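Residue numbers (my numbering): 545 to 988.
Even glycine gets a Cβ: it sits at the ideal position worked out from N, Cα and C.
These numbers were taken from a predicted model, which means no experiment stands behind them.
A short write-up of the structure that comes next.
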Ligand code: NDP
């Protein structure tokens, strides 16, 4: 049995109840076969794959808080510090009822390679809770965030572990958490990223994941002799990543005709009105039915369905496993040229394979949504030097990073004989640096 298969079998046995984590490990290790096979003896002796698939540390804790009716509620909090070979743990906090340890582990594992791809010194981590901020008052969200941070603050710090936003954790939640950290630890430091601009946040961080996604998509198109001008895009999600992906795509001359949330989706053949979407999602925190009510050109549909709309480019920006094999078949039948993932692991393994086999250029989330964490690392740099860079400065660094990522993953894929397979390229390029750092640091 090859070393990869041996480790995969072991990981499956040890983590049988964590399907998302297994899916992520399988996808990564499978695509690393060319590198692992070339170094099998050395990696096996060092137990490199056993180590890289085992979190360095993980915390699970009780988060009690009081709701507006005076009742005590209890949620579960998590922080997984997966790998610190190339820098302090870095990765977001997800607040969503679906959160469990397996989901946090899958996200933390992916984060190791994504962070490495940015070229910046950040390790991999992830955290969150099964708390649902939806429908809660600001006071309830604050009560939860303060209780969550009361425990989390024991394990994080500007030079050890720097969490950020993710699904359900936006500027409001980061603000409440930062306030509580400062209060308990007595430290004014860059312990969280995605902060507000008045207290150490970076310009362009809000836009970074969506903008970065479009910078890498543009580079991909350019490399294939195409441009974004006049392209039709379908987008899923209506949160932070989706909104700024749509905004940047429109600035590049493309037209995004869909968006979605967890209850339904919008088809707007005239192009999504970003300002209206921002008002509904960022200010009112309302449902997409309000978008359709305010915009005569838009149709609202219940459930899921954005992938059936004909497009040149598909940008999944909502959540994991939201683009299935049937959707991939529909995209191919409609002549879709490229799929670039704004969300983490939105495309199932079967759907990814189908897209690749049918000539769709596919860039996975690890590379395509790395602009968010890259800009978080730029926020850490600004916090360390106690300076703030201009929007243009940050945006231009972000663009350079995304263009570099594209060429690095393209080169890595070519080096190992997988030209055009950007998933293999991203995993290899991300893995090489982490593996070298781990080996250099001895058994730890
Ligand atoms: P938000 O919470 O801002 O938005 C998430 C969007 O996806 C919302 O429209 C939400 O709908 C929808 N959604 C969430 N869960 C589901 C579900 N189970 N089924 C259908 N729709 C769902 O999160 P972000 O935009 O920040 O994150 C989106 C994705 O991008 C995630 O995979 C995240 O891990 C990834 N990502 C985010 C980064 C960032 O900087 N924010 C960086 C890198 C990756 P509803 O409002 O109804 O819940």
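Close-in-space but distant-in-sequence residues of the same chain around residue i (CB under 6 angstroms, 5 per side omitted)
i	result
residue 875	851 and 858
residue 994	Because the chain is modelled from 545 through 988, residue 994 falls outside the range shown and cannot be assessed.
residue 548	573, 577 and 580
residue 733	702
residue 504	For the chain, the structure presents residues 545 to 988; residue 504 sits outside this window and is missing.
residue 640	711 and 712
residue 688	609 and 675
residue 619	607, 673, 674 and 675
residue 894	869
residue 778	802, 850, 853, 855 and 858
residue 568	650, 653 and 654
Cβ neighbours of residue i in the same chain (closer than 7 angstroms, five flanking residues each side left out)
i	result
residue 831	805 and 807
residue 963	957
residue 924	706, 734 and 737
residue 762	772 and 796
residue 544	Because the chain is modelled from 545 through 988, residue 544 falls outside the range shown and cannot be assessed.
residue 693	721, 724 and 725
residue 814	841
residue 612	681, 683 and 684
residue 768	905
Where residue i falls: helix, strand or coil (DSSP)
i	result
residue 851	helix
residue 845	strand
residue 988	coil
residue 756	helix
residue 708	strand
residue 930	coil
residue 608	strand
residue 993	This structure cannot speak to residue 993, because the chain is shown only from 545 to 988.
residue 737	coil
residue 701	strand
residue 816	coil
Member of the options whose CA lies at the smallest distance from the CA of residue i
i	options	result
residue 608	617, 600 and 933	617
residue 673	629, 664, 901 and 623	623
residue 720	834, 761 and 677	677
residue 822	751, 646, 585 and 705	751
residue 771	975, 688, 735 and 794	794
residue 727	585, 691, 768 and 949	691
residue 604	585, 682, 550 and 698	698
residue 753	938, 880, 621 and 706	938
residue 909	778, 929, 967 and 955	967
residue 837	567, 811 and 647	811
residue 844	710, 802 and 559	802
residue 562	642, 596 and 869	642
residue 881	787, 764 and 891	764
residue 1054	931, 940, 975 and 934	Outside the modelled stretch of the chain, which goes from 545 to 988, sits residue 1054, for which no answer is possible.
residue 788	696, 915 and 739	915
residue 866	768, 847 and 877	847
residue 686	658, 716 and 666	716
residue 864	896, 700 and 768	896
For residue j and residue i, believed in contact at Cβ under 8 angstroms, the rounded distance
i	j	result
residue 652	residue 670	4 angstroms
residue 775	residue 856	4 angstroms
residue 912	residue 757	5 angstroms
residue 921	residue 942	Between residue 942 and residue 921 the Cβ distance is about 11 angstroms, and since that is not below 8 angstroms, they are no contact.
residue 630	residue 981	5 angstroms
residue 886	residue 785	4 angstroms
residue 654	residue 888	6 angstroms
residue 816	residue 853	In fact, because the Cβ distance is near 12 angstroms, the residues do not count as touching under 8 angstroms.
residue 927	residue 744	5 angstroms
residue 978	residue 660	5 angstroms
residue 714	residue 636	At roughly 11 angstroms, the Cβ-Cβ gap does not stay under 8 angstroms, so residue 714 and residue 636 are not in contact.
residue 783	residue 825	7 angstroms
residue 904	residue 759	With 8 angstroms as the limit, residue 904 and residue 759 do not qualify as a contact, their Cβ atoms being about 20 angstroms apart.
CB contact below 8 angstroms: residue i versus chain D
i	result
residue 725	Going by chain labels, chain D is absent from the structure shown, which holds only one protein chain.
Close Cβ partners of residue i (< 8 angstroms) along its chain, the five nearest in sequence each way excluded
i	result
residue 594	551 and 554
residue 834	824 and 828
residue 818	787, 790, 791 and 794
residue 961	578
Residue i: CB within 7 angstroms of a non-hydrogen atom of ligand 2
i	result
residue 710	You won't find ligand 2 in this model; what it holds is ligand 1.
I'd like the ranges of any beta strand (DSSP E) spanning at least 3 consecutive residues and lying wholly in the stretch 614-675.
616-627, 633-639 and 667-673
Quick check on the DSSP output: what are the complete alpha helix (DSSP H) runs of length 4 or more inside the stretch 854-904, in order along the chain?
With a minimum length of 4 residues, the continuous alpha helix (DSSP H) runs that stay inside the stretch 854-904 are 869-877 and 893-901.
Jot down the residue ranges of each uninterrupted alpha helix (DSSP H) in the stretch 751-813, minimum 4 residues, whole runs only, in chain order.
784-795
Extract the residue ranges of the alpha helix (DSSP H) inside the stretch 930-961, only unbroken runs of 4 or more that lie entirely within it.
935-959
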